Amino acid sequence: MRLMILAVGKLKQGPERELAERYRARFDDFGRKLGFRGLDIHEISESRAREAPARMAEEAAAIAAQVPDGAVLVALDERGQSLGSAAFAAQLGRWRDEQVAGTIFVIGGADGLLPELRRKAKLSLSFGAATWPHQMVRVLLLEQIYRAATILAGHPYHRA
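Heads up, the sequence shown is in the numbering used here, so the first residue is 2 and it goes up one at a time.
So this is what it looks like as structure tokens:
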């Protein structure tokens, strides 16, 4: 199964980009041994529309254009489920074992995700009740994907 992160907005050079890349590279080390075919990150330009609904619609169209057929969509959303790391790992493992072609994680821009796009998601995932900048959500997601791989591999990184 291939994993992909579709993120509205670009990470500039600096500590967030370095940390995101570190977790992506760490996942690659474990992921291939566990049957994952890679982790790609695609950045989508933020819409310049004046009104929030128009911005969300433009960003959703750009996201939808990159979601391949047969992929599972996971929306990162503050209203989503708050899964523990072990439950998140188990879900990724189930999709892998079911031979899902890909899992696409979607991180919206400042206005969030269009409701129609959120409804298409098989899973809506939250990192708690707090509102996080989308740059930080990307780092948190990458760390959880890496942690999930270590859990599936029985590696001691996850000590809970």
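Here a beta-carbon is modelled for each residue, glycine too, at the ideal position from N, C-alpha and C. Values in this document were obtained by computation on a predicted structure and should not be read as measured data.
Going by DSSP, Glu79 is part of the beta strand (DSSP E) stretching over 73-82. Under the DSSP assignment, Glu117 falls outside any beta strand (DSSP E), being part of the alpha helix (DSSP H) whose first and last residues are 116-121. As the crow flies, the alpha-carbon of Ala111 is around 9 Å from that of Val9. In this chain, the alpha helix (DSSP H) harbouring Gly94 covers 86-98. Counting C-beta pairs closer than 8 Å gives fewer than three between the segment 12-24 and the segment 50-61, which falls short of the contact rule. Residue pairing from DSSP places Met5 in a beta bridge opposite Asp41, Ile105.
Per DSSP, Leu124 is one residue of the beta strand (DSSP E) stretching across 124-126.
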